[in-house]
Every structure is written in C-alpha cells, then in structure tokens.
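First up is the structure itself, then whatever we jot down about it.
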Ligand SMILES: Cc1ncc(COP(=O)(O)O)c(C=O)c1O
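In the working numbering, the protein residues as written are 53 to 470.
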C-alpha cells in the first residue's frame with residue numbers, strides 16, 4: 053500500500069498535516085491520482101465530489117482547460133528565470149484593480165510567507181513589536197502567529213507548537229473573535245504593530261464577523277496606531293471580486309493573499325498603499341525575497357484563473373454556495389447541525405447554533421463530524437477532514453454535484469448522530 057511506504061518516508065505520510073485525515077478518525081489518507089472538474093479520482097479509481105478543491109485555490113475546479121493551457125504554454129518558455137517577467141506586472145495590476153486598499157504588491161510562494169512578511173512590514177512601519185491576532189485564526193505556520201490563547205489567556209500568547217520561542221509567543225496576543233471588550237482591553241494594555249485578522253475566518257470552520265465587529269476592529273486599529281492586516285488568503289478573489297474587503301466594506305492597511313491568486317500553483321502576495329509598500333526592498337529597507345516568487349507558471353495559472361472570475365462567475369458561485377448550504381440544511385433537518393455560509397464557503401457545524409468564536413467551534417461535536425466525514429467518503433463525497441475547515445465551492449460544481457452531496461449527507465448526518 054502506498055501509505056505504508058509514504059509513512060516511512062514523510063511524517064504521517066503527508067506533506068501537510070490535515071491531509072492525513074487523522075482528525076476524522078481515519079488511519080491513512082486517500083492518495084489522489086487526478087482531478088476532473090468537481091471530481092477527485094483516487095489511486096484505486098474511486099471518484100469523489102470534491103469540496104476541498106486543494107483547500108481553496110481551485111475556484112475553477114480541477115484541470116480547468118484555460119489554466120492547463122496557460123501553464124503548459126508558460127512551461128514551454130521556461131519554468132523560472134529569477135528575473136522579472138511581464139506576467140507578474142499583469143497579475144500585480146489585476147490585484148490592484150480588484151482591491152481598493154492595494155496600490156502595490158509583492159508576490160511570494162506561500163500564504164505563510166506573505167503573512168510573515170506583512171507582519172514584518174507592519175513592525176517596520178510602526179516601530180512596534182507586539183501583534184494581536186484572533187483565536188482560531190490561521191495565518192500560516194509563522195512562528196509568532198501560531199500562538200493561540202486558551203480561555204482566560206486573552207492577554208498572554210502561549211506557544212501552540214514546540215519550537216516556537218517564548219519571545220515570539222510573548223509578542224503575540226490572542227483575543228477571542230467577535231469580542232469587542234477583549235479587543236479593547238488588549239489594546240489598552242499595549243501598543244501593537246498590527247491587528248491581523250481573517251475578515252471571514254474559515255480556519256475554525258466558517259465564523260463570519262458579528263454585525264459591526266470588523267468595522268470596530270478597523271476603528272480600533274486606526275485609533276491605536278496599529279496597522280490592520282487582513283488575511284484574505286481564503287476570502288480574496290473568492291467571496292467577491294475584491295475579496296472580503298469588498299463584500300464587507302472594510303479596508304485593510306495591508307492585505308495578505310494566496311490560494312486563488314496562484315490558480316493551484318504556489319503563489320501568494322501581500323499588498324498595501326504605495327507609501328507602505330515602498331518600504332519593501334529594494335525600494336526600501338525592509339528585507340524580503342524569494343527564489344521562486346512570481347514564478348512564471350504560477351503567475352500564468354493565477355492570471356488564467358482571475359480572467360475567468362468576472363461578475364457573472366461570482367453570481368454563479370454565490371448561487372451554488374446557497375444551493376449547497378440549503379441542501380445540507382435540509383439533509384440535517386431536525387438534527388443538531390447548523391450551516392454557516394458566505395459566497396464560496398460553507399461549514400456544517402455539529403452544534404444547534406453556528407459558533408461565534410473558536411471556543412464555540414471547539415465545543416462542536418467533533419467526533420460526530422468525523423463520523424459524518426467518513427460516511428460521506430464512503431458515499432463518494434470528499435469533505436474537508438476537519439470540523440475546523442470550510443468547504444470550498446468551485447465554479448465546476450453544478451446542481452447534480454450538489455444533489456449527490458445532499459443525498460449522501462442526509463444518510464451521513466443520520467449515521468453520524470445515531
Ligand atoms: C487564512 C490563511 N492564511 C494563511 C494561510 C497559509 O497559506 P499557505 O498554506 O499557502 O502557507 C492559510 C492556509 O490555509 C490560510 O487559510
């Protein structure tokens with residue numbers, strides 16, 4: 053079996069932990085051979101309706117012909133030059149056109165690098181060290197951003213992983229999402245370089261901001277002199293043309309982007325006003341670099357993806373999302389399940405009410421989610437292998453895929469909660 057070989061060669065047999073599927077109680081991951089539109093096909097030939105879509109990048113679905121053609125054509129010209137290309141300029145222009153708060157961008161290869169660099173820029177610009185993040189938010193595996201408070205530890209970051217230094221953790225203060233009082237209290241105690249937030253948090257399952265919360269975060273950042281870093285690695289290019297900032301009407305000082313921007317190849321970016329971005333080397337003194345940053349294949353895939361994301365595409369994505377959320381709600385009728393959704397993202401929570409914060413998400417019946425996910429896999433539906441991840445809707449999904457999912461979900465909910 054491939055897994056036995058993989059587990060001897062790579063920790064857990066995988067290159068990123070959630071792929072191992074342990075949190076839904078499986079003892080090995082599913083090895084994928086290929087993807088077609090909304091379907092994944094595993095090495096044994098099983099077909100699944102894919103609601104993970106590579107955790108977000110594949111908003112057009114698998115192997116979209118425009119993306120495959122763009123990558124193939126780019127590869128024929130050379131795979132990397134370590135020198136600027138015209139495609140990067142086009143992609144930068146597209147990003148600046150979509151995000152009202154972004155006048156210049158710097159591309160990186162991963163969201164982790166982009167959020168790490170955004171925090172560095174915020175520290176340089178403010179001359180302050182501490183960073184405030186929200187519990188349950190994920191900004192990549194940056195040392196300082198792995199810190200996450202347990203309940204009652206709202207003012208003291210603790211290392212969430214061995215290997216994170218005490219100093220890095222101490223510079224990160226964690227407050228509960230949707231809690232204005234905790235935020236005000238933390239801001240009264242220290243001067244922060246940045247408040248970093250996922251504007252539509254999707255790494256504790258989807259937990260949108262309560263009415264007025266994000267607006268208050270924006271105000272408090274400005275009043276306190278902290279820069280507001282909005283991590284749109286998931287929401288950017290997905291929930292609206294201009295990301296959560298357009299959908300929710302809140303502007304970031306620095307925006308972090310990833311996933312869709314690379315169309316399934318490794319690309320991410322951060323961007324801000326011209327004056328802030330001029331601090332980045334070589335224009336300015338804040339160092340940040342990358343051998344494969346702005347890689348021509350990734351840029352080609354990103355551009356081909358964004359070219360498909362016009363107003364009609366966003367309307368269709370929102371409609372498909374509504375259909376999926378409605379289908380899951382109907383499938384769970386009468387059961388203690390609540391379904392959160394925003395355009396392009398859905399989470400069925402195993403709780404009567406959708407959570408407002410990480411404590412609420414953690415209080416969901418995680419074992420039931422595990423049983424539900426396993427029951428779906430048995431029925432040819434591939435959900436995220438964790439209650440704490442969103443389901444990603446793509447433009448390749450259709451009514452038939454959603455109906456297949458809702459039918460399987462009705463049985464899977466009943467099986468999970470019996
Ligand atoms: C909101 C958010 N920020 C940052 C990251 C890190 O991106 P990457 O995995 O490309 O390093 C992720 C990854 O899932 C994410 O969801």
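Note that CB positions come from ideal geometry on N, CA and C, so glycine has one too.
- With fewer than 16 other CB atoms across the displayed protein chains lying within 10 angstroms of its CB, residue 339 is exposed.
- Within the segment 205-266, the complete alpha helix (DSSP H) runs of at least 4 residues fall at 218-222, 232-241.
- The residue among 65, 77, 116 with its C-alpha nearest the C-alpha of residue 360 is 116.
- In the DSSP annotation of this structure, the continuous segment of the alpha helix (DSSP H) that includes residue 328 starts and ends at 326-329.
- One alpha carbon belongs to residue 452, the other to residue 86, and they sit about 21 Å apart.
- If you ignore the 5 residues before and after residue 375, its C-beta comes within less than 8 Å of the C-beta of 451, 454, all in its own chain and listed in chain order.
- Remark: the shortest separation between the CB of residue 312 and any heavy atom of ligand 1 does not fall under 6 Å.
- For residue 89, DSSP records a beta bridge to 114.
- Unbroken alpha helix (DSSP H) runs of no fewer than 4 residues, entirely contained in the segment 283-311, are found at 295-300, following chain order.
- Environment of ligand 1, chain-ordered: 107, 162, 163, 164, 167, 190, 191, 192, 250, 255, 283, 285, 286, 310, 320, taking every residue with Cβ within less than 6 Å of a heavy atom.
- Spatial neighbours of residue 458 in its own chain (CB-CB distance under 6 Å, excluding positions within 5 residues in sequence) are listed in chain order as 379, 383.
- Residue 397 counts as buried, since no fewer than 16 other beta carbons sit within 10 angstroms of its beta carbon.
- For the set 154, 55, 118, 133, the Cα lying nearest the Cα of residue 307 is the one of 154.
- For residue 99, DSSP records a beta bridge to 93.
- When DSSP states are grouped into helix, strand and coil, residue 399 belongs to the strand group.
- Of the residues assessed, residue 347 falls on the buried side of the cut-off, its CB having 16 or more other CB atoms within 10 angstroms.
- Annotation for residue 184: the continuous beta strand (DSSP E) segment containing it runs 183-186.
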